[in-house]
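Counting from 25, one number per residue, gives the positions in the sequence shown under this note's numbering.
Just so it is clear, CB atoms sit at the ideal spot from N, CA and C, and this is done for glycine as well.
All figures in this text were calculated on a predicted structure; none of them were measured in a lab.
Data block below; observations after.
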Amino acid sequence: MARLKKGLLNGFFGAIGNVEGYEQDGQYIIRSRRIQGSQPPSAKQLACREKMRITNQLLSRFSEFVKLGFAKTSKDRSFRAYNAAVAYQLTHAIIGSYPNYEIDYSKLRVAEGPINTDGLSPSVSLQSNTLLFSWTPATNYPDSTDHVMLLAYAPALKQAVYNLCGAKRRIGQEILELPETWQQQRIETYMAFRGEINRQYSNSIYLGSVFG
25 MARLKKGLLN GFFGAIGNVE GYEQDGQYII RSRRIQGSQP PSAKQLACRE KMRITNQLLS
85 RFSEFVKLGF AKTSKDRSFR AYNAAVAYQL THAIIGSYPN YEIDYSKLRV AEGPINTDGL
145 SPSVSLQSNT LLFSWTPATN YPDSTDHVML LAYAPALKQA VYNLCGAKRR IGQEILELPE
205 TWQQQRIETY MAFRGEINRQ YSNSIYLGSV FG
């Protein structure tokens, strides 16, 4: 059964025969219904599904971060910010061969955009249950008003902590509190910047692993 919304030309929801309609990002989409095939999946399909499973499992731990970090990348395109993040990782951050895929955390990108980070000299250090992120302060407007975005991920625990709007770039440092349960864990760390004025983002920067 399908449901009309303001007439057929403005879209319908549900299925009519071999056609289905739905709404995504404010647009009405009509497509052929997906029919479950009777043939077993090919090796290529299985490999693709496994890559997708690993990627979604990872990004779901900090989906709020990548949805914000990829917001401008997906603008004016037919897919959402989260899907843009997934597409990037599938191409760049998944290594190995089926069924033994792994994540290359040094190639993981959690934000993407044109904000310049040349000369940033970023670093991170662990101090008790706190990560101290440092960078070269920006003194010129508008870069000086960019806000830092911080992400820490513990692979063994499959947990993430992050800050979506930290200190301004002119400050030169910010801290990220870690859970006490992260002691003696490997932690992957990332930094990016979001513009206060132009609402743009930088590409994320991988700062390496630290051990709690």
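Spatial neighbours of residue i within its chain, please: C-beta separation below 7 angstroms, excluding the five flanking residues on both sides.
i     : result
Lys91 : Ala105 and Tyr106
If we call anything under 8 angstroms between Cβ atoms a contact, is residue i one with residue j?
i      : j      : result
Met173 : Ala117 : no
Gly236 : Leu202 : yes
Asp128 : Ile119 : yes
Glu212 : Tyr177 : yes
Glu74  : Pro123 : yes
Leu238 : Leu200 : Past the edges of the chain, shown from 25 to 236, lies residue 238, and the structure says nothing about it.
To the nearest angstrom, how far is the alpha carbon of residue i from that of residue j?
i      : j      : result
Gln81  : Pro65  : 21 angstroms
Ala67  : Ile78  : 17 angstroms
His85  : Trp206 : According to the sequence provided, residue 85 is Arg. The question's His does not apply to it. Straight-line Cα distance between these residues: approximately 15 angstroms.
Val185 : Ala95  : 20 angstroms
Leu28  : Gln224 : The pLDDT assigned to Leu28 is 45, lower than 50, so where the model puts this residue is not dependable; a value taken from the coordinates is nonetheless given after this. So the alpha carbons of these two residues sit roughly 38 angstroms apart.
Glu204 : Ser62  : 50 angstroms
Leu175 : Gly190 : 11 angstroms
Arg210 : Met76  : 24 angstroms
Gln208 : Leu132 : 23 angstroms
With a CB to CB cut of under 8 angstroms and the five nearest residues on each side skipped, what residues in its chain are close to residue i?
i      : result
Pro161 : Ser168, Arg193, Arg194, Ile195 and Gly196
Leu144 : Trp159, Thr160 and Ile229
Glu220 : Pro166, Thr169, Asp170, His171 and Lys192
Leu83  : Val90, Tyr106, Ala109, Val110 and Gln113
DSSP has residue i in a bridge; who is on the other side?
i      : result
Glu201 : Thr154
Pro123 : Beta-bridge pairing links Pro123 to no other residue.
Asn187 : Leu174
Pro138 : Ser226
For residue i, collect the residues of the same chain with a Cβ closer than 6 angstroms to its Cβ; drop the 5 residues on either side in sequence, then sort them by chain order.
i      : result
Gln113 : Thr79
Would a check of beta-carbon distances place residue i closer than 8 angstroms to chain D?
i      : result
Leu156 : Note that chain D does not occur in the displayed structure, where there is just one protein chain.
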